Each structure stands twice: as structure tokens, then as C-alpha cells.
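Chains as they are written, first to last, in the working numbering: chain A, 1 to 466; chain B, 1001 to 1466.
Rendered as C-alpha cells:
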């Protein structure tokens, strides 16, 4: 039997109310996106057209000849009650309302939204939105959204990252930036807007059971049921990372005007997040970077008797890393003498290997490929080493395919590696591409790598005891 | 009369000891770099060659027929004492030792380094380094360094940013990343390595008097004279930003092995930095971003009775920004009613303008160009607004030249603007290029923009009272 939310994610037939032929309009993009990915039957509805993008267009819902389970609503707010009634008659089970003009637009809109929810529930229909961008699915390729860019077709790779975003534009422009910047595999990106009915709790319950979801990142302006959120987080070993905005008084006020959210639900605070094993973040790329790390790193078991080893091209960067690890109270590895001896063989005689491992003199003699793979191998075998940060000077004199070898070591030893590189942009990009294809995520700042180890340690130690 | 350090920065004649024809060797890159930029006479010295890069090569210093004021030393460490003596006889006043093998390599090297300094001082010669990469100058185009990339020729634009870096590789690979990533105008980038003689204090004293230096950023592993540093900082209105590594016990140990630095000079601590008006940072791009902001923003007078206004494409991003401003205790603007009314005219009727200004509905109706310029204009005229953060969705439907108009407003009102954008990379890059050419710096995260306002406020309020 279908789960209620399956009517959104796996519908048998989708109608688009407000589909348009006007290139550049949102009604056009929704239709084009749905047609491009969704494999079921699509029914544009708009009395102005007989055909849109080469498929029949219907004057109203009633004229659709076949079964429809999901309706995407993109006409003015005031028609919603009428449409819910007619949808019920048609057998529609799920409506994604992407239009604005509801609770976020004032009292009248709030009343309309409330009435819509009551009516829908009485008729067995679930509502998604309003004031949202729908969702994208990396596996089914359903893009039930008006995101303008066609880039999702090539840039959205299937994977295990699911995002729940209570902000339309953050799931559009920002998502494009993220997909272009990072190699992140997407399960689902859900924009829930005013979340009048389907909310973050419903989705979290669904996604902790969802086979394609491995890690969940949320941008939330309010939390409808704090207790339930904590219970869900406690019940799952999937990492949950939350950026909860409206933390400040001014932020709360802003959240109220944005998605009519009462951010001031103070029941759920940082302490409760922590207790439930939820990783809390405060900025946007921070959210993405930490979710990305959890997507790459699955079986880490941090051991406070071991520590993080640092392989670097720069003594200075190594010291900065050490300081930052100390700031976060993360143990720093003290490699075994045997490990340092292996590393020493790559060094010129005037320099003795010590941790953090400043490898540049070794690289000058032996090349990046040999040095990074040899040293990574030695550290993987060292039982005092828990995980590794690799800092590279990506030079054109090196062949970035050595990352494949390091990736194999990571798979074998289960010791995670995070990487950071400097150098010419185009070569850094090659390094990043090779490393991420081999399971080693790259990040933009040393501090971010360190912060990620903190988050990983927090999550996996927490989960280790369940 | 020449300042002692002028013999490094404006020498009459430069000799390169250890110049090489072997492409890929550092001795080759030093020679090529010097020849490419320096406008005086260059004398490669190496008994193996009669000619290098088409200019005469000399077997020894004594054979150079003309005046030489600066020598770049790139032969093994053990020859240093002999070379200092012979340099003195030749009238050389400044030696940049780029070779390693001195104090950082153990006791013997430390003794050699100490002896070299004593000898040099007795003969009226200043030593730079050793174990360093020399320096680059954006104005004179002197690149007395073995940085491998030729990219500095096109990417290093003259400007007022001066960096002092106590780490060779950080002034090479990292510098390339920085120059490619940001539109930063460079005065000088100095790699001081073991700083056996010329140190950060000498350079700071020189640069606070240097007409082309407007802001100074330092990566330091030790501080040779804390009191003097504070005195210099207190004496100048030029912003000084310092990343002091070796803050932690483990970091101190690492610093000792890297540049033989005793980072544990605890006399200079965060508190003292603060009192002297020094901005302290802990990460590498953080250093660059804050220095960049100071390079763009010169005449800001933060007023705690006013506040930062937020213009955004996303209500969510606006709330996150508000929270982060609150985290840093930075006043958030409360625009005047008249300002909100001006903005309201761009909005659809269902949405009322409130701060933070979520402009997307206005942009959908009027386009980015009109909305961003109109709203920025209104905020510039609002006496409750001190400065602005602009957050954009960079779309291909907009013409990024509108940044020029906003740049003109900034020049007139002296209210600084920081910007952040999402969207397709290529369009974000265009936005960034146009904005930075118009005097508006872009940054990669909202949190960074907020942190920069903190640093700006700290510096300019401090300085305001001098």
C-alpha cells in the first residue's frame, strides 16, 4: 500500500494547474521540468491552450481522461478551495501548492490557508506548501518545481543526501550553486514553504525509512513539533543536520514575515538538538559541507585515544590546522615512530619528519603522487591515527589520479580523509574531482575540515552507543 | 638616502646566486621571475653557464662588472659565510636567502644562521630569510621569488594590500589561489621564513610608512618583539590583520619544527592585539577576506545608533543573516518608514516590505537591475542605515553592469556594501567581477560578510578615536 507521501514522490499521473507556454514564466518551467524527468503521465491544465510542449493541455481537471494522483497548483491563491473539492472528486491524493499569497501575505491569506488544510483533510488530500518550490528527486528525476535552470539534468546526480528547505529561493539559486560546486549525490530536495500540512516532521519520518536517503539536512524557520523531532532523531542512525533560523529576536521577527513561521518555539533549543544527536549549524554552506561529509563518510568510529593526522604541503598550514583542532578539542594524532621512519625515507637528510607532516621537501624530491600515497598508506596502518586531513598544493606537475589509490586505502581502513588544496584553480578542480570520485571530500577552508571532524565525532560517538 | 630595506625593494642591480637553466628548478624560476619584472640590471651567477635566458652569466660575484645592491642566495646553506664576506667586498647591501638548511634543520643549521647574522651585521649587510620565498611587488613587478607559476604576471594587480608571511609555501600555492579567486590589489607579498634578521617588525615599520601599502595582513609563527608590534599598530591608521599560529600547545611545538619559531612568546596575546587595534584571525582565507575588505573599504565610520541593512533574494538567507549579525552583536538597521515605502512600490500588492528586505517578489516584477539599484539607493539615503549586505541570485536574465551604479552610490555615500551571490557559477563570477570593479567586494559565505562587519567596526571605531 502507498504511504500518504508516496502520492507526492511516486504519483500515478501528475496534473499541472497553471502550466504555461510563456518561456520564462514559472508555469512554463514547472511543465518543462516535470516532462523532462517524471516517467508517468503528465497533464497540463490551462483553458488557454489545447497543447503545451507537444502534449495535450486540458481546460480543467475534470477533462483529464486518466488517473491523476498528484496536482501541482500554480494559479492564484483564491481558487484553492474550489480546486481542492474538484481534486477530491477526481481522486487526487496530493496537491503541491507552489503559489504564494497565503499565510505569508497577511490575515486573509492565513485564513484561506487554514480553510484549505481543513477541507483537504476532510477529503483525504495532503497539501504541500504553499509558497514553495516543490521538490526534486535525484533518483526518479522528478522535478516538481519551477527552478529555472535546466542544469539539474546534468548536475543533479543520484545519491543519498536529502534536504528539507523551508525557503523557496534557497532551494533554487542556492541549490544551483551547491550542485555546481560540489560532488553531492542527491536523494531529494524538498522546499516546504509555509508547510501548512506536509511539514518537516512528516518528511523526516518518511525519510528515515527511505532507502535512498542516507543523510538529512534541514533549513527550518520553525519546528512544528519539537518533541517528535527529537524522537525521530533519536530513533535513527542517519545523521540529521539542521540550520534553524530565527535564533535571535530579530531573526524570529523576520521569520514571521517570511513564511509566517513562529520561530519562537523555544522548546527545541541547541541543548535538545545535541542530546538527540542532531548537528546544529548556523550558515548555509556550512549546512551543505557537513551534510556532504556525512554522505562521504559512513563508518567512522572516532576513538579519543587516537587522533587526526595532518599531511600538508605547508608547515604554516599544518600549524594552523593543529591550532584549530585544539580549539575544537579534537585529539591530534601522535604517529608511531615506525610511521615517522617510513615517512623519513622520502625526506632530504636535513629535515626530520615530525607531525604535523610538512611534506613539501619530500614532494620536491619524490613528486606528489609518491609522497601522498606512501604517507597516507603509513598513516592508515598506524593504530594511533583515527583519520587524516590532507592539504595539497595542486601543481600541474602531478597526476591527480593518485587520489584513486588513497581512496582505495580509505575503503579498506575505514579511516576517513578530508582534503583541502591550493594552487591554480583548474588544477585544484582536477584534484577535487579525482578525490571526490574516489570517496574523499574536498572543502574550501582548513577550519571547515576541522569543524567537520567535530560534527563527525559528535554524530558517530552518539550513534555508537545506540 | 635609501632606507636599509630599500636595498631589497628598490635595489640598483640584482645578482642571483644559483641561477639555473634547468626548467622546473627553483634556480630557473627565480631568474625568470626577476627578469620578467625587475627593471634594473640582473646578473645570474653560476660557474656552469656563460649565458642564461639570453643574458651573461657570471662564474662568481667578483666577476660582475657593475654595481649590485641585492643578492638572491639559492645555493646550499654551507656557503653562506663565505658569500656574505664576498658580498660585502662587492658592495652588496641586502641578501635574500631562499635556501633551506638553517635553523629549521637542527642545531648545526641554527649555529650557521646565527653566525651569518653576526657577520652580515658587522659588514653592513641585511639578511632576508632563510628558508623563504623572497617577495613579490605588485607595483615595481619585482618577483624575487621561486614561485613556479607565471600567472602572477597577469593575475597580480597593483594595489594596497601588503602581506607578510612566515611560511614559504603559503606565499606560493596559497597566493596563487588567492590571486585567482579574488580581485585584490597587491602592494607586496613578503615571505620571511626563519626571519633571522629582517623580521615582521622591520617590515611593519617600513610598510606603515610605505605609500603603496594601505592594509597589512600577516601570517606569523612567532613575534620577535611584542611590545614594538603593539606600538607600531597603535601608531598607524592602516589596518593590521594577523593570523598568529602556534596558539595551542601542539601548534607551538609544530611551529618550532617548521621555522624554528618560539611561538610561545605569550607576551603578545589576543587581548593585547585587541587593545592595539590589531584584528586577529585563525584561518587562511579568513585572513585574506578581511584584508580584502579593508582594501575596499576605507572611510567607514560605524555608528552604533545606525545598523546594517540586508537586501536579499531569499527570505531564508535574510533571517540567517539577521541571526548572524545578532550573534556578533552588530546593530541591525531599522529602515525609516519612508524607505520602506519607496521599496514597497516595487512589490506586488500581497507582500509588504519589511526588513530584512526579501526582494525576490519585487525582482520577479521589475528585474534585478531596477530592484537592486532602487533599493540600494533608498537605503543609502536612509540615515538609520550604516552599511549594507546585498545577497543576490545571479541570473542570466540580468545585466550585471548595474553594480556600477551601486558602486557610484557607495562612493558618494561612503556607506560600505558587502555582497554574496548564488546561482550558476559563471554568472556569479560575472556579478563578482562587475561588483569588485565598482568597489564592492564579494565573499563566499554570509557568515564571512557578517564577520567582516565586525572587523571593520572594531578597526574604524578604534581608529576613530585617535
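Using N, Cα and C, we set each Cβ at its ideal position, and we do this for glycine too.
Since the model is a prediction, treat every value here as computed from it, not as a measurement.
Item                                                                                                                                                                             : Value
In terms of DSSP beta bridges, what is residue 1385(B) paired with?                                                                                                              : 1307(B)
Output the distance between the C-alpha atoms of residue 1200(B) and residue 291(A), rounded to the nearest integer angstrom.                                                    : 41 Å
Can you tell me whether DSSP reads residue 210(A) as helix, strand or coil?                                                                                                      : coil
Check each residue of the region 336-358 of chain A: if its Cβ is closer than 7 Å to any Cβ of chain B, include it; give the result in chain order.                              : 350, 351, 354, 356, 358
Does residue 121(A) pass the burial test, meaning 16 or more other C-beta atoms within 10 Å, or should it be called exposed?                                                     : exposed
Under 8 Å between C-beta atoms, does residue 112(A) make it to chain B?                                                                                                          : no
Which residues mark the beginning and the end of the beta strand (DSSP E) in which residue 47(A) is found?                                                                       : That residue, residue 47(A), is in no beta strand (DSSP E); it is neither H nor E in DSSP.
Run through chain B and tell me which residues come within less than 7 Å of residue 254(A), C-beta to C-beta.                                                                    : 1318, 1319, 1322, 1356
From residue 105(A) to residue 1223(B), what distance separates their C-alpha atoms?                                                                                             : 58 Å
Cβ atoms of residue 254(A) and residue 1319(B): under 8 Å apart, would you say?                                                                                                  : yes
Could you name the residues that DSSP lists as bridge partners for residue 1158(B)?                                                                                              : 1186(B)
Quick check on the burial criterion: 16 or more other C-beta atoms within 10 angstroms. Buried or exposed for residue 1459(B)?                                                   : buried
Got a sec: is the Cβ-Cβ distance from residue 1153(B) to anything in chain A below 8 Å?                                                                                          : no
Buried or exposed, going by whether 16 or more other CB atoms sit within 10 Å of the CB of residue 89(A)?                                                                        : exposed
When burial is assigned at 16 or more other CB atoms within 10 Å of the CB, is residue 1(A) buried or exposed?                                                                   : exposed
Could you tell me whether the Cβ atoms of residue 347(A) and residue 353(A) are closer together than 8 Å?                                                                        : yes
Please confirm whether residue 61(A) has its beta-carbon closer than 8 Å to some beta-carbon of chain B.                                                                         : no
Using a Cβ distance threshold of 8 Å, determine whether the region 1155-1162 of chain B contacts the region 1053-1064 of chain B, with at least three qualifying pairs required. : no
Under the DSSP definition of a beta bridge, which residues are partnered with residue 1072(B)?                                                                                   : 1016(B), 1096(B)
If you reduce the DSSP assignment to three classes, tell me which class residue 1056(B) lands in.                                                                                : strand
Using CA atoms only, rank isn't needed, just tell me which of 451(A), 425(A), 439(A) is closest to residue 408(A).                                                               : 439(A)
Cβ of residue 1137(B) less than 8 Å from any chain A Cβ?                                                                                                                         : no
Between which two residues does the beta strand (DSSP E) harbouring residue 1242(B) extend?                                                                                      : 1240-1244
Is residue 1222(B) helix, strand or coil when you go by DSSP?                                                                                                                    : coil
Tell me whether residue 66(A) sits in a helix, a strand or coil according to DSSP, three-state version.                                                                          : coil
On a Cα-Cα basis, can you pick out the residue from 184(A), 248(A), 246(A) that is closest to residue 217(A)?                                                                    : 184(A)
So, helix, strand or coil for residue 1039(B), using DSSP?                                                                                                                       : coil
Out of 79(A), 323(A), 220(A), point me to the one whose CA is closest to residue 1281(B)'s CA.                                                                                   : 323(A)
Would you tell me roughly how many angstroms separate the C-alpha atoms of residue 1382(B) and residue 1442(B), rounded to the nearest one?                                      : 23 Å
What residues in the region 1166-1189 of chain B have a beta carbon less than 8 Å from any beta carbon of chain A?                                                               : 1166, 1167, 1168, 1169, 1170, 1172, 1173, 1174, 1176, 1177, 1180, 1181
With a cut-off of 8 Å on the beta carbons, I'd call residue 27(A) and residue 130(A) a contact; round off their distance for me.                                                 : Residue 27(A) to residue 130(A), Cβ: 15 Å. No contact.
Which same chain residues end up closer than 6 Å to residue 1110(B) when comparing Cβ atoms and leaving out the 5 residues on each side of it in sequence?                       : 1103
Counting only Cβ-Cβ distances shorter than 8 Å, please list the residues of the region 1422-1452 of chain B near chain A, keeping chain order.                                   : 1422, 1423, 1424, 1425, 1428, 1444, 1445, 1446, 1447
Quick one: give me the first and last residue of the alpha helix (DSSP H) that residue 403(A) is part of.                                                                        : 402-413
If we ignore side chains and look at the alpha-carbon of each, how far apart do residue 1080(B) and residue 1414(B) end up?                                                      : 52 Å
With DSSP as the reference, identify every bridge partner of residue 1128(B), one or two as the case may be.                                                                     : 1096(B)
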